[in-house]
Every structure is written in C-alpha cells, then in structure tokens.
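Chains as they are written, first to last, in the working numbering: chain A, 1 to 429; chain B, 430 to 634.
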Amino acid sequence: MRTTIGEPKESPALTEATDLCRDTLGPPTPAELDRGLDGFLARISPNKTRPRRFVRWSLAGAAVAVCTLVALQVASVYGKRWSAGEPPTLAYQIDGGSVLEGGYLRESGHAGMNVVFNEGSRLTLAPGTRSRLQVVDRDGAHVAIERGRGSFQVAHKSNRRWQVDVGPFLVTVTGTVFTVSWDPVSEEFDLRLREGSVVVSGPVSAGEIALRAGQRLVANLAKVQTVITEETPEQASSESPSAPPAPAVTAPGLQPPAPGPAPTPVASTVAKLAGDHQWGRKLARGQWDRILQDANRIGVEATLSEASSEDLFALANAARYRHRSDLARSALLAERRRFPGSTRSLEAIYLLGRVEEARETGTAQAIAWYDEYLTRAPTGPLVGEALGRKMTLTDKLEGPARARSLAEEYLRRFPKGNYAGSARELLAP
Amino acid sequence: MLPSHVPLSLVVGQDRRAASDGDLARALSAGEAWAAVETWRRFAPMVLTLAKRTLGSPSEADDIGQDVFCRVYRKVRTLREPDSFRNFVYTCALRVLQTELHRKKMRSWLSFQQPALLDCQGSGTPDVESRDLLRRFYRLLERLAPRDRIVFVLRRVESMSVEEIAAATKSSESTVKRSLARASSRMSRWMDDEPRLADGEKQGR
C-alpha cells in the first residue's frame with residue numbers, strides 16, 4: 001500500500017520512479033561488501049587514530065582554513081555575478097528540422113539536421129537519425145540518439161556537462177569532437193573520437209571505458225564484440241558510418257589451456273593477483289589484454305577455481321571483448337558455479353546466453369540461458385534484455401508464430417524497451 | 430584496538446555470527462576485533478542500500494557506508510541499551526546521510542561542486558528510459574530539504590511506516606507526516622510539471 005490516510009496521493013510518474021529506484025538500487029554485492037569492509041577496517045586501525053588534542057587543534061586549524069576558503073569563494077562567486085551577471089543560458093538553433101514535444105528532433109527534409117548552441121557547441125545529425133534533446137539548461141545538455149549517427153563538437157570553454165545516450169550506452173563528454181552512431185537492428189555502437197576525451201559506459205563494459213583522441217570504439221551487442229582501435233587523423237576525420245573498423249590493437253591473446261594436467265600455481269600468487277580487484281579497474285581502462293596475460297601467467301584453471309567473483313567477471317568480459325568465447329564461457333560458468341545466488345552469477349547466466357549467440361549453432365543453448373535468467377531473476381535488471389533476446393532468437397529458430405507470445409509479453413512489460421520495435425513488427429498483421 | 434593489518438583470524442566464526450545484537454554491541458564497545466567485522470557483515474547491507482537509495486549513487490553510498498560504521502565504532506560506548514544496537518546503527522546512518530545532504534547543498538550553493546548525476550550504470554540499468562527517469566527523479570530529490578528527502582525515501586522507497594520513521598529519526602509522528610506531505614506534494618508536482626525540455630525550450634529558444 002503506497003498511501004495511508006492523511007497522506008497525499010502521489011503522481012503515477014512518481015510512483016513509477018520510486019518503484020524503479022527500489023528495484024534498481026538493491027542490496028550491495030558481496031564484492032562491494034568486501035571492499036567496504038577493507039576500507040572500514042583500514043579506517044579504524046590504530047594508524048589512523050590521533051591523540052585527541054592533536055585532533056582538536058587540527059579541527060580548529062581546518063575550521064579557520066575552511067572559513068577563509070568560504071569567504072574567498074563567496075567573494076569570488078558574488079564578484080563574478082556582480083561583474084558579469086548570471087552565466088549565460090545554453091540556447092540552441094535548429095537547421096533542417098524542428099523540435100517536438102518530449103524533445104524529439106524531427107527532420108524537415110532528407111539532408112539531416114544541425115543543432116547549433118550559443119556557447120559554440122554543435123551537433124550534426126545524419127539523415128534519418130532519430131534523436132531527442134532530453135535536457136538543455138544552464139548546466140549543460142543531455143542528448144539521446146535512438147538510431148542513426150550524430151557528430152558532436154562540444155566547446156572546450158564551458159564547464160557544462162554534456163551527456164549523450166546512444167542506444168543502451170552513455171557517453172559523458174567535456175570538451176571534445178566525436179562522431180557516434182547506434183544501429184538498433186544490428187545492435188552496433190560506434191564511436192570515433194577526434195579530439196578530447198570521453199567516457200563510455202554501457203551493458204558490455206561492466207564499468208566505464210575512457211577513450212582518448214584518435215581512438216574508435218565499436219561494440220556489437222549481438223556478436224558480443226567490443227573493439228577499441230587506434231586511428232590515423234585521416235581515418236578519424238572520416239565520418240562514413242560504413243567504414244570497417246581498423247585492425248584491432250595488437251592482442252597477444254591468451255592461449256587455451258593445454259590438454260593434460262594444468263600447472264598448479266602457488267595459491268598466494270593467485271590471491272595476490274586475483275583477489276585485489278585490479279582486474280575490474282583494468283577492464284574499465286580497456287586493458288583487456290593485461291587481464292588475459294595475468295590469467296595466463298597464473299594459470300587458467302587456478303584462476304577459474306580461485307579468483308574472486310569480481311575478477312572472474314572482469315576476466316569473462318575481457319575474454320568476450322577479445323573474442324575468446326571459450327575462455328569467456330569458462331569464466332562465466334565458474335562464476336555461476338562458485339558464487340550461486342550472487343548478482344554477478346545472475347549476470348553471468350545472461351552473458352552465457354550472449355556468448356552462445358555468437359556461435360552459429362548456439363541459438364537453442366542461448367535461449368536456455370535466457371530462460372534460466374528469467375526464472376532465477378524475474379525482476380532483475382536484465383529481464384528486458386533477456387526477454388528481448390529470447391524473442392529474437394525464438395523468431396529466428398522457430399518462426400514468428402512461436403515468438404508472438406513473447407512479443408506480447410515484452411510489450412506488456414517494456415512498452416518503451418529496446419526491443420519494442422521488433423516486438424511490434426512481430427505482432428503486425 | 431584493532432591491529433593495523435587485519436589477520437586471517439578475524440574471519441568471524443559461526444558461534445560469533447550467532448551472537449545477539451546486544452552481545453555484539455558489548456564486544457564492539459570492548460574493542461574485540463571480531464566484533465567490527467561482524468558489525469559490518471550484519472548491518473552493512475541495510476546501511477549501504479539505504480545510502481544508495483537516498484543518494485542515488487553507489488559510489489557515494491560506499492563512502493557514506495564507511496563513515497557510518499566509523500561513527501558507530503566511535504560512539505558505541507555511549508549506547509545505553511545494547512540490545513537496540515540495530516536501531517542505533519540505523520540512526521547513525523540517518524544522521525550521517527543528513528549531514529552529507531546538508532554538505533552537498535552547501536557545496537552546491539558555494540558552487541564548489543555541482544551535484545553529481547546518478548551513477549546508475551553500476552547498478553545495471555541498461556534501459557535508456559529507466560536511466561532517464563531515475564536521473565530526473567534524483568535531480569528533483571536534490572531540490573528537497575535534506576530532512577524531507579530522507580523522510581520521503583524512507584516512506585516511499587524503503588516502505589517504512591510513519592511510526593518507524595518517527596522512531597528512527599527521533600521525531601514526532603506529526604513532524605514526519607508534515608515532512609512527508611511537503612515532500613510528496615512537491616515531488617508529485619515537479620514530476621508532473623517536468624516535460625524534460627520545458628526549461629530548455631523556455632530558456633533556449
């Protein structure tokens with residue numbers, strides 16, 4: 001019951017938001033708890049304690065310093081306001097189209113659109129691109145590209161925050177020039193960075209990937225591939241969406257475990273390398289080959305049997321990004337076997353489906369993994385994805401007649417989800 | 430006092446895990462090393478979930494969680510009824526959260542730092558619409574007074590009763606009801622009034 005006598009009735013949007021908040025922001029994972037415990041114990045260790053008198057004097061000194069800083073800051077803020085007025089509001093002008101309710105950008109012709117901002121930033125949308133301006137205010141802009149390609153030129157001079165939702169990915173930007181595209185049919189995300197830096201987060205990265213100028217990130221969710229390449233300036237300035245990705249960064253790939261008895265490493269070595277949460281950080285930095293090399297050095301079998309949950313997950317993702325589906329599958333199976341009931345193990349079940357999808361004969365097995373995820377995590381964060389993938393694969397394997405019931409279920413639960421378009425196509429007469 | 434390097438013997442045995450909250454509080458107060466680990470193990474999920482839902486950011490919640498347990502560790506000797514240790518931890522969490530929210534408001538006012546956006550990537554929300562809704566929700570929550578925000582989250586997200594909230598926040602029920610009514614009506618109005626481009630269209634065009 002959401003309301004009691006005397007409480008005001010809340011709006012449906014608010015109810016939806018609070019429900020989503022409750023479902024999404026759930027209990028911490030075992031790895032988060034472990035990390036927190038380490039930090040807590042470190043903070044209460046005697047090394048961190050100081051005599052009370054010292055603390056009192058430190059606090060007094062800090063208070064004086066803070067007061068001084070506050071006074072300076074206030075003077076600076078008001079000084080700026082008095083001298084220059086409020087910071088200018090971000091304004092924009094659209095050429096080649098118009099903005100509809102909800103921020104949708106509608107193209108008036110077939111030549112694409114240009115959105116020019118008063119601070120000097122510019123957004124060029126290719127013909128046929130479906131996008132919307134989610135937020136444009138004093139603090140920055142939030143743009144969403146649902147399909148197609150957009151080229152951004154974000155001015156360096158402002159402190160405004162720019163964010164771009166591209167399909168299921170989020171690109172966080174400061175001052176930079178880049179082109180990004182998303183194809184919902186092939187589920188391919190493509191970002192070419194010409195200047196500056198961006199941070200990309202999304203369903204395949206298990207964290208964030210920071211890109212620097214000259215790099216290109218191509219992530220294909222359907223093929224379970226993520227590739228970062230270095231590009232020459234000529235390549236980077238080319239904006240052809242069909243340009244094939246350049247050869248991948250040299251990857252001295254991890255060799256598969258040799259037949260016969262695997263070398264047994266010293267347990268402490270594994271603990272040192274696998275238990276210190278370095279792989280998650282390396283993964284976020286795009287150092288996938290380093291993770292594979294570490295695992296190779298330790299020994300694949302030993303890693304699979306002794307690495308922490310987070311590190312196994314990072315290893316699985318690194319292997320997926322480097323097309324090592326055999327190793328990815330082994331790591332995900334180990335995650336599922338060794339940490340049953342954990343959030344990561346549920347994610348592993350979903351990713352096993354993704355790994356199987358990449359095999360030509362793995363469709364049935366992928367459906368089985370998605371089924372297992374839907375059974376074990378009926379309200380999990382990846383339910384929409386699992387149901388959507390299952391619908392797509394069922395259509396492919398058994399035909400549209402069998403997939404229609406899944407399409408109906410998908411639309412009932414996720415009317416605005418990533419697979420809503422495909423579901424409607426399946427249900428169309 | 431705990432040693433600086435936590436030895437393996439700190440892994441809490443099954444018998445210690447069965448200790449009552451009162452025994453645990455007494456052991457923590459006496460400085461027994463296992464009690465710190467067990468206190469974290471027993472109450473951290475509750476505290477971190479509350480912090481995550483109040484702040485909207487898992488990374489900030491981690492920091493706040495540690496602040497809460499450091500406060501519990503320092504203040505446990507002042508606990509008069511060790512059997513109410515769980516309530517004590519929860520109250521500490523609410524105080525630390527309220528202080529943090531005040532601090533964030535202050536920082537925002539002094540323009541030291543803009544309020545952080547919701548980091549919902551880490552929580553595995555692949556759906557763009559959901560991410561957008563959560564982001565808007567937390568952006569509006571930032572506008573509430575810290576006390577109203579906490580009461581709102583406890584009632585609407587944590588589903589606590591007014592009586593429970595009053596007990597946890599050491600307030601009267603009528604104060605909680607007023608706070609809740611204020612927060613709910615504002616949030617409902619803001620959510621309904623916020624076609625996300627309204628500001629941009631008014632200001633930008």
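Beta carbons: idealized from backbone N, C-alpha and C, even for Gly.
Coarse secondary structure for residue i, derived from DSSP in three states
i	result
Ile209/A	strand
Gly140/A	strand
Ala448/B	coil
Gln278/A	helix
Pro244/A	With a pLDDT of 37 at Pro244/A, under the threshold of 50, the modelled position of that residue is not reliable, and no figure is offered here.
Tyr350/A	helix
Thr176/A	strand
Gly148/A	strand
Ala91/A	coil
Gly460/B	coil
Thr394/A	helix
Gln225/A	strand
Val185/A	coil
Ala441/A	No answer is possible for residue 441/A: it lies beyond the span of chain A, which begins at 1 and ends at 429.
Leu133/A	strand
Ser98/A	strand
Arg194/A	strand
Amino acids of chain B, ordered along the chain, whose beta-carbon sits closer than 8 angstroms to that of residue i
i	result
Glu16/A	Leu562
Ser515/A	Nothing can be reported for residue 515/A: it is not among the residues displayed for chain A, which extend from 1 to 429.
Ser186/A	Here the premise fails: no neighbours, minimum Cβ distance about 17 angstroms.
Leu105/A	Those do not exist, as Leu105/A stays about 11 angstroms from chain B at its closest Cβ, beyond 8 angstroms.
Ala316/A	Correct list: empty, because the minimum Cβ distance to chain B is about 15 angstroms.
Environment of residue i [buried if 16+ CB atoms lie within 10 Å]
i	result
Cys435/A	Outside the modelled stretch of chain A, which goes from 1 to 429, sits residue 435/A, for which no answer is possible.
Leu273/A	Because the pLDDT of Leu273/A is 40, which lies under 50, any placement of that residue in the model is unreliable, and the number read from its coordinates should be weighed accordingly. With 16 or more Cβ atoms within 10 Å of its Cβ, Leu273/A is classed as buried.
Met535/B	exposed
Glu107/A	buried
Lys606/B	buried
Asn118/A	exposed
Glu425/A	exposed
Thr24/A	buried
Trp162/A	buried
Pro28/A	buried
Arg560/B	buried
Given residue i as reference, the closest of the options once Cα atoms are compared
i	options	result
Tyr92/A	Glu357/A, Gly120/A and Gly109/A	Gly120/A
Thr229/A	Gly214/A, Leu221/A, Asn220/A and Ala222/A	Gly214/A
Asp165/A	Ala141/A, Val154/A and Val177/A	Ala141/A
Arg584/B	Arg565/B, Thr598/B and Asp452/B	Thr598/B
His110/A	Gly103/A, Arg212/A, Arg130/A and Ser342/A	Arg130/A
Arg471/B	Ala126/A, Val154/A and Pro30/A	Pro30/A
Ile209/A	Ala423/A, Gly280/A, Leu41/A and Asp183/A	Gly280/A
Asp34/A	Asp491/B, Ala447/B and Glu461/B	Asp491/B
Asp578/B	His531/B, Ala596/B, Tyr502/B and Ser601/B	For clarity, residue 578/B is Arg in the given sequence; the question names Asp instead. Answer by Cα proximity: His531/B.
Ser305/A	Gly421/A, Val135/A, Arg354/A and Arg338/A	Arg338/A
Ser614/B	Ala334/A, Leu411/A and Pro12/A	Pro12/A
Leu482/B	Ile44/A, Ser58/A and Arg22/A	In the sequence as displayed, the identity of residue 482/B is Arg instead of Leu. When only C-alpha atoms are compared, the closest one is Arg22/A.
Gly102/A	Val143/A, Leu191/A, Val383/A and Asp190/A	Val143/A
Arg212/A	Leu193/A, Val218/A and Gly202/A	Leu193/A
Val501/B	Ser537/B, Met589/B, Arg455/B and Arg565/B	Arg455/B
Gly112/A	Val99/A, Leu59/A, Lys223/A and Asp95/A	Asp95/A
Gly433/A	Lys396/A, Glu385/A and Ile367/A	Residue 433/A lies beyond the residue range present for chain A, which begins at 1 and ends at 429; the question has no answer from this structure.
Thr300/A	Ala219/A, Arg138/A and Leu332/A	In the sequence as displayed, the identity of residue 300/A is Val instead of Thr. Here the closest residue by C-alpha is Leu332/A.
Val199/A	Val224/A, Ser181/A, Lys223/A and Phe169/A	Phe169/A
Beta-carbon neighbours of residue i, restricted to chain A and to distances below 9 angstroms
i	result
Thr478/B	Leu25, Gly26, Pro27 and Pro28
Arg536/B	Those do not exist, as Arg536/B stays about 10 angstroms from chain A at its closest Cβ, beyond 9 angstroms.
Contact set between residue i and chain A, taken where Cβ atoms lie within less than 8 angstroms
i	result
Glu558/B	Lys416 and Gly417
Ala465/B	Phe40, Leu41 and Ile44
Arg482/B	Cys21, Arg22 and Leu25
Under 7 angstroms from the C-beta of residue i: neighbouring residues of chain A
i	result
Ser603/B	Near Ser603/B there are no residues of chain A at all, since even the closest Cβ is about 10 angstroms away, more than 7 angstroms.
Val586/B	Thr18, Cys21 and Arg22
Ala522/B	Correct list: empty, because the minimum Cβ distance to chain A is about 13 angstroms.
Pro575/B	Result: empty, since nearest Cβ-Cβ is about 17 angstroms, beyond 7 angstroms.
Lys533/B	What Lys533/B touches in chain A: nothing, since even the nearest Cβ is about 15 angstroms away.
Phe517/B	Near Phe517/B there are no residues of chain A at all, since even the closest Cβ is about 17 angstroms away, more than 7 angstroms.
Cross-chain neighbours of residue i in chain B, by beta carbon under 7 angstroms
i	result
Ala13/A	Met620 and Asp621
Gly421/A	Within 7 angstroms Cβ-Cβ: nothing; Gly421/A doesn't reach chain B, min ~13 angstroms.
Leu191/A	Near Leu191/A there are no residues of chain B at all, since even the closest Cβ is about 16 angstroms away, more than 7 angstroms.
Could you please tell me which residues of the segment 487-514 of chain B, in chain order, have their CB closer than 7 angstroms to any CB of chain A?
Contact annotation: in the segment 487-514 of chain B, residues whose CB is within less than 7 angstroms of a CB in chain A are Asp491, Gly494, Gln495, Phe498, Cys499 and Tyr502.
Interface positions of the segment 148-179 of chain A facing chain B (Cβ-Cβ less than 8 angstroms), listed along the chain
Here the close residues are Arg161, Gln163, Asp165, Gly167, Pro168 and Leu170.
Taking a Cβ distance cut-off of 7 angstroms, strictly less, list which residues of the segment 389-407 of chain A are near chain B, in chain order.
For chain B, none of the residues of the segment 389-407 of chain A brings a beta carbon within less than 7 angstroms of one of its beta carbons.
Proximal residues, the segment 363-382 of chain A versus chain B, C-beta separation under 9 angstroms
Residues of the segment 363-382 of chain A with a C-beta atom less than 9 angstroms from some C-beta of chain B are Gly380, Pro381 and Leu382, listed in chain order.
Within 9 angstroms of chain B by C-beta, residues of the segment 330-350 of chain A in sequence order
Within the segment 330-350 of chain A, contact with chain B at the beta-carbon level (separation under 9 angstroms) is assigned to Thr343 and Glu347.
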